[in-house]
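*Asks:* If you count the sequence shown from 1, you need to add 183 to reach the numbering used here.
Yeah, the Cβ is synthetic: ideal placement off N, Cα and C, and Gly gets one too.
What follows is a structure written as structure tokens; I'll ask about it next.
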Amino acid sequence: MRLLILSLLMFIPFDITSQNISSNFYNYSLEEGLSQSTVYAFLEDDLGYIWIGTRDGLNRFDNNKFVTYYPVYDDSNSISNRSVRSLAKDKYGFIWVGTDGGGVDRLNPKTNTFQNLCVLQNSEVCELRTNITSLEISGNDLFIGTRKDGLYKYDLSTNSTTKIVDRKSTIWDIKIIADQIFLATSDGVVLQNAQGSSSYLKNMEIRALEFRSQSELIVGTRTNGILVLNLSSKEIVELNKAFRGVEVSDILIDKESNIWMATDSEGLYLTNNTGEVLHHFSPQKQNEFQLQSSSIRTLFEDSNEIIWVGTNNAGLSNYHKDRFQFQGYSSESTNQKLVSDVILSFNELDNGDILIGTEQKGLLLFNQANETFTNIEGFNNESIIAIEKDDNGQYWVATDGFGLKKFKIRSDSDRITRIKKLENESILSLEVISENEVIAGAYQGFYVVKNDELQEDIRVPDYLKNDRVLSIKSINEKEVLIGTFSQGLIVFNKADTSFKRIVLEITNNKKQRSPSRIQVIYEDTKKRIWLGTYSGLYNYDPEKESFKAFTIGDGLPSDVVYGILEDTEHNLWLSTNSGISKFDTEEINFENFSKSDGLLSNEFNGGAYFKDSKERMYFGGVEGFTFFDPNKIKDQVFKGNVVVYEMNVDGKIYNTIVERNFNLKEGKDFIQFDFSYLNFINPDRNNLEYRLLGLSENWIPVNKRRTINFSGLSSGDYKFVIRAVNTKKETVTYSSTISFYIAPPFWKRWYFILGLIITIVLISYALFRYRLFYLLREEATRNRISKDLHDDLSGTLSSISFFSEAAKRDISSESIKFLRKIDASAIEAKEKINDIIWAIDPNNDDWQSFMAKCNRFASEMFESKGIEYKIELDDSIKGFKNFKIRHDLWLIFKEMITNIVRHSQANHSKVVLFKKENRIILEVEDNGIGLSDEDMFKGSGISNLKYRANKIEAILTNETAEPSGTRWRLEIKL
């Protein structure tokens, strides 16, 4: 009997209202990570995650990946059973999970931990470790439907359970209104209230319930379709007689009051609120964007009005009415009626039918009303590159290898005309100039055809003869623009048949090259010229011969632009290698569309673009063609939460949903953030960016990643956040900010630094004390040596000199000669000993004493020989504290003065000692006989000067003074 009813239903006409309803879905199954292909339940948590109960495992879905939860034997916080039949969410955000054999679990979605209801009750006896088939939250109560154990009520505040209905029939669904509890059971509808229990539709299996209003309950039956129960009159009527006998598995009334009906074997129906069928979604397994199963198990609508569909053995699907806004045809979607998926060109007949040029499958005629495709004879197996219509209603057809043709839609066989001398040419582009003139571009040529004859008197330049002409556009009565493969843009003057190459001056991007491989030349209604190329979109100014370039960096989805069309709002629609883009020419903003918006493919073909008389646009690609009304494409950007749910610090996992502030130990070299972007409608329309304050102020693109890694972070405070930004560069949503502090290593902490400073101070003080002790000891030693030298050696030399004087009075003249030498040597030795005593005596450790000694020595020496002299000693040297050079400087000074007195025969000398910046300069000059070059290399005096100058790293120079004499200059760098 049941089979008979189903058979009869095949002949009952469904009154399906003609509406522009998309039939496309996103589909997910095992290949995408779903744990099992039979789906029983859906739920959306407060964060925006979708939870999916399946025959084997509970899944959490974020539109990027599935996370599955199974029972773990030794983990009391894991789920109780693998099979999840129902889900419900309470006002606290907890998710209640009804399992098939494990009872009810409470899930905390922030921590992903489970607690069984029996544990929450803290009772030794628990009746609810059983098969749960349905859950419903009402206020502070959780209602639990079972397979054979009736209905229970669990009080969320007191953790107490009460059995309120004792039935052996399965409770498939629970709906509550005004303290009235309606149950969908395997034995009819049960109403439970304060007055007791009553039943409707006994002996009929009821699978689903929904309130259409306060007084009407929609009832989904297993064998009798959908019924409507009037709660006041108790009258029961059919929603739509056409559904009589349909096996209903679930019902959903969406936010627009439309009714969704899931069936066991006939797919999915959408009706309006009165039951009028709007659309029947039947499976098309060969199409990835169509429903994949006729057996639907459950339905759910989330906060973004997405309809989630759970199937038997085919995973899940989701649907949004505004997600797929583009229509398209391919050979697959038309059951091979469209004989080729590679579409190269379009045009339109007067009756609105569309001409379609294909690759190697000829010319087709598309009737959109009937969705039929007809081959036009005469173009079989040809590739139709371009189609243009002239004012006589004739269509010019450019073919690949079969030349240029012209035809009219007529029944007689001679309707096609082939242009002579171009029969075997491959024509790549066409432009109709007038009813008698056409310009054609080829692989290696540029042709003008007038009155069906090739004009051979036009002298085409060699650079154009050897290039491919990809596009042609007449912009006024005289000029035609030619787009080439490699020679850029060329202007053809029809009046004098001259050609001019345009070397474009790029006005907004100096790094951009002049465009080549120009696929399309388009003139909009504002007379602006646009070029679609392999290097972006260009706006060409013919008067200035300049151009503005727009590329991926400006928001274009691809730098390869194949087609350009203008809508009524003056926006440009571009077909590219990465989908279709809507370009706002005033705001300079690109809105990009891809397969996720309903395109059959993201790749299109050059020349395959057309706008018909009804403003509908057509773009041909490699998987059929897409067409749409641009005025009906909605600019919708859905926010979607960005949830940073986990932080991995050197392998240790932190839950960033529960906690958002962290103090990390030093040396944490690797930090990873895991996040979800919960946009299930059009995530590709927004761009994700992240920023880590403390490291950078800049926003960094995320692209397709869902993890962000950092390594080598220094100590300090950081704040991590992610945002979604739409194509207009407006921020759509932010994630929560995750703050963390990385402690510095011990050697950067205050107590270590303070201890280090104290240690350095103590060490410095100890070194100072040691140095002071050493200097004092050195000073005492110098004093002792000085006194000993003075008392012993100097006294002894004085005695020798004294005794030699006494001896001279009593001995011969010959002995006197030697005694005088002894006396002179003793005096000289005494002077040197006195110099040494003076140098090591610490009482002489100041420059004032040094300069006084220099002044005294020079004066005595010059006066002893009657030499006039001038001595200038700079007072600024008195404060100079570097005494290391004092001894060598004294010996140099002494040697210079001694040389003047003994050898120069001078009668005048000048001595200057001064300090200049960081140098001490000594200048000694005389007017004596001077030094010859030979004198500079003999004698120990000059050698000593050079030796001691080098010892203190000084510069010693000698030059002849004017008019005679010698000038020494010693320059000591301090």
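Could you check the C-alpha separation between Lys-591 and Val-621 for me, to the nearest Å?
*Replies:* Within the sequence shown, numbered from 1, the residue matching residue 591 stands at position 408. Within the sequence shown, numbered from 1, the residue matching residue 621 stands at position 438. Going by the C-alpha atoms only, they are around 16 Å apart.
*Asks:* What residue from Trp-930, Gly-746, Leu-720 has the CA that sits closest to Gly-738's CA?
*Replies:* Start at 1 with the first residue of the sequence shown, and residue 738 comes out as number 555. Checking every option, the nearest Cα to that of Gly-738 belongs to Leu-720.
*Asks:* Touching or not, the region 562-580 and the region 599-616, by the rule of three or more beta carbon pairs under 8 Å?
*Replies:* Short answer: they touch.
*Asks:* Give me, in chain order, the residues of the same chain whose beta-carbon lies closer than 7 Å to that of Phe-915; leave out the 5 immediate sequence neighbours on both sides.
*Replies:* As a first step, residue 915 must be located in the sequence shown, where it is residue number 732. The sequence given here has Val at residue 915, not Phe. Around Val-915: Val-820, Lys-822, Asn-869, Ala-907, Val-908, Asn-909.
*Asks:* Contact between the region 233-246 and the region 803-811: three or more CB pairs below 8 Å?
*Replies:* Counting Cβ pairs under 8 Å, fewer than three are found: no touch.
*Asks:* Less than 8 Å between the beta carbons of Ser-741 and Ile-747, yes or no?
*Replies:* The sequence position of residue 741 within the sequence shown is 558, counting from 1. The sequence position of residue 747 within the sequence shown is 564, counting from 1. Contact flag unset, no.
*Asks:* Run through the DSSP bridge pairs and tell me what Asp-767 is partnered with.
*Replies:* As a first step, residue 767 is located in the sequence shown; it is residue number 584 there, counting from the start. In the DSSP output, where bridge partners are listed per residue, Asp-767 has Asn-772.
*Asks:* Whole beta strand (DSSP E) runs in the region 298-382 with 3 or more residues, listed along the chain?
*Replies:* Taking only runs of at least 3 residues, the beta strand (DSSP E) segments lying wholly in the region 298-382 are 315-321, 324-329, 334-338, 343-348, 354-360, 363-368, 371-376.
*Asks:* By DSSP's criteria, Asn-676 is part of a beta bridge. Which residues make up the other side?
*Replies:* The residue labelled residue 676 in the question sits at position 493 within the sequence shown. Per DSSP, Glu-662, Ser-681.
*Asks:* With which residues is Lys-589 paired in a DSSP beta bridge?
*Replies:* Counting from one through the sequence shown, the residue named residue 589 turns up at place 406. Paired residues: Trp-579, Thr-600.
*Asks:* I need the DSSP call for Trp-882, collapsed to helix, strand or coil.
*Replies:* Indexing the sequence shown from 1 puts residue 882 at position 699. In the structure shown, Trp-882 sits in coil (DSSP, three-state: anything other than H, G, I, E or B).
*Asks:* Identify, in the order they occur along the chain, each residue of the same chain with its Cβ nearer than 7 Å to the Cβ of Asp-524, setting aside the five sequence neighbours on each side.
*Replies:* Within the sequence shown, numbered from 1, the residue matching residue 524 stands at position 341. Correct list, in chain order: Ser-513, Ser-514, Val-805, Glu-806, Gly-807.
*Asks:* Quick one: using the 10 Å Cβ neighbour count with 16 as the cut-off for buried, is Gln-475 buried or exposed?
*Replies:* On the sequence shown, position 292 is the one that residue 475 refers to. Gln-475 should be labelled buried.
*Asks:* I'd like the span of the beta strand (DSSP E) that includes Asp-724, first residue to last.
*Replies:* For the purposes of this step, residue 724 is identified with residue 541 of the sequence shown, where counting begins at 1. Run containing Asp-724: 719-724, per the beta strand (DSSP E) assignment.
*Asks:* Buried or exposed, going by whether 16 or more other CB atoms sit within 10 Å of the CB of Gln-219?
*Replies:* The residue labelled residue 219 in the question sits at position 36 within the sequence shown. Its Cβ being crowded by 16 or more others within 10 Å, Gln-219 is buried.
*Asks:* Quick check: the region 698-712 against the region 640-650, are at least 3 beta-carbon pairs closer than 8 Å?
*Replies:* No: fewer than three Cβ pairs fall under 8 Å.
*Asks:* Can you name the start and end residues of the beta strand (DSSP E) that Thr-406 belongs to?
*Replies:* For the purposes of this step, residue 406 is taken as the residue at position 223 of the sequence shown. Here Thr-406 belongs to no beta strand (DSSP E), and DSSP marks it neither H nor E.
*Asks:* How about the region 410-426 and the region 461-476: do they share at least three Cβ pairs that are nearer than 8 Å?
*Replies:* The region 410-426, when compared against the region 461-476, does not touch it at the 8 Å Cβ threshold.
*Asks:* Where do the ends of the beta strand (DSSP E) carrying Ile-526 lie?
*Replies:* Residue numbering aside, residue 526 sits at position 343 when the sequence shown is read from its first letter. First-last of the beta strand (DSSP E) with Ile-526: 526-531.
*Asks:* Under 8 Å between the Cβ atoms of Thr-1149 and Thr-1140?
*Replies:* Here residue 1149 is taken as the residue at index 966 of the sequence shown, counted from 1. Here residue 1140 is taken as the residue at index 957 of the sequence shown, counted from 1. Cβ atoms of Thr-1149 and Thr-1140: not closer than 8 Å.
*Asks:* Within 10 angstroms of the Cβ of Glu-1055, are there 16 or more other Cβ atoms? Answer buried if so, exposed if not.
*Replies:* Numbered from 1 along the sequence shown, position 872 holds the residue referred to as residue 1055. Its Cβ having fewer than 16 others within 10 Å, Glu-1055 is exposed.
*Asks:* Tell me whether His-462 sits in a helix, a strand or coil according to DSSP, three-state version.
*Replies:* Along the sequence shown, one-based indexing puts residue 462 at 279. Correct three-state label for His-462: strand.
*Asks:* Which complete alpha helix (DSSP H) runs does the region 1067-1136 hold, if anything under 4 residues is left out?
*Replies:* Segments of the alpha helix (DSSP H) lying fully in the region 1067-1136: 1069-1082, 1123-1134.
*Asks:* Classify Lys-693 as helix, strand or coil using the three-state DSSP reduction.
*Replies:* Walking along the sequence shown from the start, residue 693 turns up at place 510. The pLDDT assigned to Lys-693 is 47, lower than 50, so where the model puts this residue is not dependable, and the model offers no usable value.
*Asks:* Just grab the DSSP bridge partners of Phe-225 for me.
*Replies:* One-based indexing of the sequence shown puts residue 225 at position 42. Bridge partners of Phe-225: Ile-235.
*Asks:* Whose CA, out of Ile-1104, Lys-1134, Asn-1133, Gly-671, lies closest to the CA of Trp-1151?
*Replies:* Along the sequence shown, read from residue 1 onward, the residue named residue 1151 stands at position 968. It is Ile-1104.
*Asks:* What is the residue span of the beta strand (DSSP E) that Trp-756 lies within?
*Replies:* To locate residue 756, count along the sequence shown from 1; it is residue 573. Residues 755-759.
*Asks:* Which ranges would you report for the beta strand (DSSP E) in the region 382-457 if only whole runs of at least 3 residues count?
*Replies:* Entirely contained in the region 382-457, the beta strand (DSSP E) runs reaching 3 residues are, in chain order, 389-396, 399-404, 409-413, 419-421, 431-436, 442-446, 451-454.
*Asks:* Let's test the definition: count the other Cβ atoms within 10 Å of the Cβ of Gly-895 and tell me whether it reaches 16, buried, or not, exposed.
*Replies:* Counted from its first residue, the sequence shown places residue 895 at position 712. Its Cβ having fewer than 16 others within 10 Å, Gly-895 is exposed.
*Asks:* Within 10 angstroms of its Cβ, does Asn-814 collect 16 or more other Cβ (buried), or is it exposed?
*Replies:* By 1-based counting over the sequence shown, the position of residue 814 is 631. Classification for Asn-814: exposed.
*Asks:* Once you ignore the five residues that flank Asp-750 on each side, which residues in its own chain have a CB closer than 6 Å to its CB?
*Replies:* Walking along the sequence shown from the start, residue 750 turns up at place 567. Hits under 6 Å: Pro-813.
*Asks:* For the region 285-293 against the region 260-268, are there 3 or more C-beta pairs whose distance is under 8 Å?
*Replies:* Yes, since at least three Cβ pairs between the region 285-293 and the region 260-268 fall closer than 8 Å, the two stretches touch.
*Asks:* Compute the distance between the beta-carbons of Gly-450 and Ser-432, then report whether it is under 8 Å.
*Replies:* Numbered from its first residue, the sequence shown carries residue 450 at position 267. Numbered from its first residue, the sequence shown carries residue 432 at position 249. Cβ atoms of Gly-450 and Ser-432: not closer than 8 Å.
*Asks:* Which residues in the same chain as Ile-891 place their Cβ atom closer than 6 Å to its Cβ, once the five residues preceding and following it in sequence are excluded?
*Replies:* For the purposes of this step, residue 891 is taken as residue 708 along the sequence shown, with counting starting at 1. So the qualifying residues of the chain are Phe-856, Tyr-873.
*Asks:* Is Lys-778 helix, strand or coil by DSSP?
*Replies:* Along the sequence shown, read from residue 1 onward, the residue named residue 778 stands at position 595. The answer is helix: DSSP assigns Lys-778 an H, G or I state.
*Asks:* Taking Glu-421 as the reference, give the member of Met-1044, Asp-852, Ser-343, Thr-404 with the closest Cα.
*Replies:* Numbered from 1 along the sequence shown, position 238 holds the residue referred to as residue 421. Taking only the C-alpha atoms, the option nearest Glu-421 is Thr-404.
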